[in-house]
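Student: Below is a structure I'd like to ask you about.
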Amino acid sequence: MISLFKKKPNLVDLIPEGYIDIHSHILPNIDDGSQSTQETLLLLEQMSLLGIKKCIATPHTMPNVWDNSSDFIQETFLNTKNQLPKHLAEMLHRVSSEYMMDETFIERFQNEKLLMIKDTIVLVEMSYLNPSIDLKNILFQLQMKGYIPLLAHPERYLYYHNSKKEYFRLKELGCLFQLNLLSTVGYYGKSVTTVADYLLANNLIDFVGSDIHHNRHIGAFYQRIKIKSQNELIDVMNKNCQLE
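Position one of the sequence shown corresponds to residue 868 (my numbering), numbered consecutively onward.
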């Protein structure tokens, strides 16, 4: 008997040729990601096997936790590339950061040049507990400075799950959205996957990222996706290929 229900693909099988990953924590000893150059090497090798062509390292910049300056991040990036085999050094394409939008963020970007994903796009995040205080003003000031905010993993902010109109409000305020790929396989829980599907179905996602920190994240790419919006996901993944 032929099954009437086609199995959903594994996430790894959807990664397009030329895919550029724009969110990863693979620089060593700089945040909660890779803890050594050897771990960075192994992660990059595994990412290559996933079909990732190039990646942009985005270590956290979070005051009092990982208070990384642009200079320190760039220095770590260059030192790491110099210790990698040529093919992996080439794969480690660029460096940016994932900036926490807290009460110190405006002062930071007024006084320090931020590291961008591409052109004027800068990756930002919020606390998982509460939305950033004075968020509207932060986004306004950031754009007045010439940056385009790209909000990391909007599907993971649980306080928006029962107030989905806030996602549309953020888009109106000028935010681009970056979905975590592992949200599509249920890695962060059912509710996050449900919201990821909603955001994709409503064409609110602009780019995707792996947000890889460790080998467990690599393993999750070999799981089946749990979302319905497979075609929308593929379309967004292809947009990443344009971020050379």
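Just so you know, even glycine gets a beta-carbon here, dropped at the ideal spot from N, CA and C.
1. Tell me whether the beta-carbon of threonine 1061 lies closer than 9 Å to the beta-carbon of isoleucine 1015.
2. Please state whether the Cβ-Cβ distance between leucine 982 and serine 937 is less than 9 Å.
3. What are the partner residues of arginine 1091, as DSSP defines its beta bridges?
4. By the three-class DSSP mapping on this structure, what secondary structure does aspartate 888 have?
5. Tell me which residues share the same chain as glutamate 957 and place their Cβ nearer than 7 Å to its Cβ, disregarding the 5 neighbours each side in the sequence.
6. Across which residues does DSSP place arginine 1138 in a beta bridge pair?
7. Using only alpha-carbon positions, find the residue among Glu906, Pro883, Ser891, Phe972 that is nearest to glutamine 950.
8. Take the Cβ of serine 963 as the centre, count every other Cβ of all protein chains shown within 10 Å, and call the residue buried at 16 or more, exposed below.
9. Using C-beta distances below 7 Å, list every residue in its chain close to lysine 1003, excluding the 5 sequence neighbours before and after it, in chain order.
10. Please work out which residues of its chain come closer than 6 Å, Cβ to Cβ, to threonine 928, disregarding the five sequence neighbours upstream and downstream, and give them in chain order.
11. Grab me the residues of methionine 868's own chain with a C-beta within less than 6 Å of its C-beta, minus the 5 sequence neighbours each way, in chain order.
12. Can you give the beta carbon distance from leucine 894 to threonine 947, rounded, assuming they're within the 8 Å contact cut?
13. Does the beta-carbon of tyrosine 1054 have 16 or more other beta-carbons within 10 angstroms, so that it is buried, or is it exposed?
14. Which residue spans inside the region 962–1002 form an unbroken beta strand (DSSP E) run of at least 3?
15. Taking 9 Å as the cut-off, decide whether the C-beta atoms of aspartate 1073 and histidine 1020 are in contact.
16. Grouping DSSP H, G and I as helix and E and B as strand, with all else coil, what is threonine 925?
17. If we count the other Cβ atoms within 10 Å of its Cβ and call it buried at 16 or more, is methionine 1011 buried or exposed?
18. Is aspartate 899 near the ligand ATP, with its Cβ less than 8 Å from a heavy atom?
19. So, with DSSP's three-state summary, where would you put glutamine 1045?
20. Our contact map puts asparagine 997 next to tyrosine 1026 with C-beta atoms below 8 Å; I'd like the distance itself, whole angstroms only.
21. Could you work out which residue in Gly1076, Thr904, His1081, Gln913 is closest to leucine 1100 when comparing CA atoms only?
22. Can you tell which of Glu912, Cys1042, Asp898 has the C-alpha that lies nearest to the C-alpha of phenylalanine 944?
23. Can you tell me which of the three DSSP states valine 1075 falls into?
Tutor: If we stick to the structure as given:
1. no
2. yes
3. Asn877
4. strand
5. none
6. Because the chain in this structure spans residues 868 to 1111, residue 1138 falls outside the shown range and cannot be described.
7. Glu906
8. buried
9. When the five nearest sequence neighbours on each side are left out, the beta carbons in the same chain lying within less than 7 Å of the beta carbon of lysine 1003 are those of Leu1040, in order along the chain.
10. Asn935, Ser964, Tyr966
11. Because the pLDDT of methionine 868 is 37, which lies under 50, any placement of that residue in the model is unreliable, and the number read from its coordinates should be weighed accordingly. None.
12. 6 Å
13. buried
14. 965–967, 988–992
15. The beta carbons of aspartate 1073 and histidine 1020 sit no closer together than 9 Å.
16. coil
17. exposed
18. This structure lacks the ligand ATP; in fact it carries no ligand of any kind.
19. DSSP places glutamine 1045 in strand when its eight states are reduced to three.
20. 7 Å
21. Gly1076
22. Asp898
23. strand
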